[in-house]
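Peer 1: Attaching a single structure in structure tokens format; questions to follow.
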Amino acid sequence: MSTPIGEVSLTKLSKNFLVHFLKKSHAKFKLIKNAKRISQDGETHKLDFLIIDKHTNEEVGVLLKDWNRSISITVVNSFINEIKELGLSSGILIGGRFSDSARTRAEDSAKVNLITRGRMVTWLVQHGIDVEP
């Protein structure tokens, strides 16, 4: 019996979404799970995924927040700062839902994109992609 796509872990769902989305865009990329990067001040930061563009060497950090509440502007601001400290091109913050102020802050920043679980599920279903539990 298969697990409904909406009940698959956020990590597995995100990985499937990122891989298929990037392939559909014809990007040549490397996806690293549980990546660690050192900031300019020498601190180690953990990212759930790191996307490296093989043509430009640009790096995009991906952070997952599997919470039972909205992700706040504080989390978005913290991630924007982390992106800058690590010298990343941009970041993707994935979670169940985001507060209105978090969405506004992300839209005002050219550095971070917000993606919900629902948006990933919809995209995968529309493209006929199955996700194994």
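Reading the sequence shown from the start, the letters are residues 3 to 135 in my numbering.
Just so you know, even glycine gets a beta-carbon here, dropped at the ideal spot from N, CA and C.
Remember, it's a predicted structure, so these values are computed and weren't measured experimentally.
Identify which residue in 123, 32 and 114 has its Cα closest to the Cα of residue 53.
Peer 2: Answer by Cα proximity: 32.
Peer 1: Hey, could you find the ends of the beta strand (DSSP E) residue 96 is sitting in?
Peer 2: Residue 96 -> beta strand (DSSP E) spans 92 to 97.
Peer 1: Taking the C-alpha atoms as reference points, what is the distance between residue 110 and residue 88?
Peer 2: Cα to Cα, residue 110 sits roughly 20 Å from residue 88.
Peer 1: Note down the Cα distance separating residue 101 from residue 72, rounded to an integer number of angstroms.
Peer 2: Cα to Cα, the separation comes out at about 6 Å.
Peer 1: Might you give, ordered along the chain, the residues of its own chain that have their beta carbon closer than 6 Å to the beta carbon of residue 39, omitting 5 neighbours on each side?
Peer 2: Within the same chain, residue 39 has close Cβ partners 47 and 88.
Peer 1: If you count every other CB in all the chains shown that lies within 10 Å of the CB of residue 11, and 16 or more means buried, which is it?
Peer 2: Residue 11 should be labelled exposed.
Peer 1: Rounded C-beta distance between residue 98 and residue 118? I'm assuming under 8 Å.
Peer 2: Indeed they touch by this definition, with Cβ atoms about 6 Å apart.
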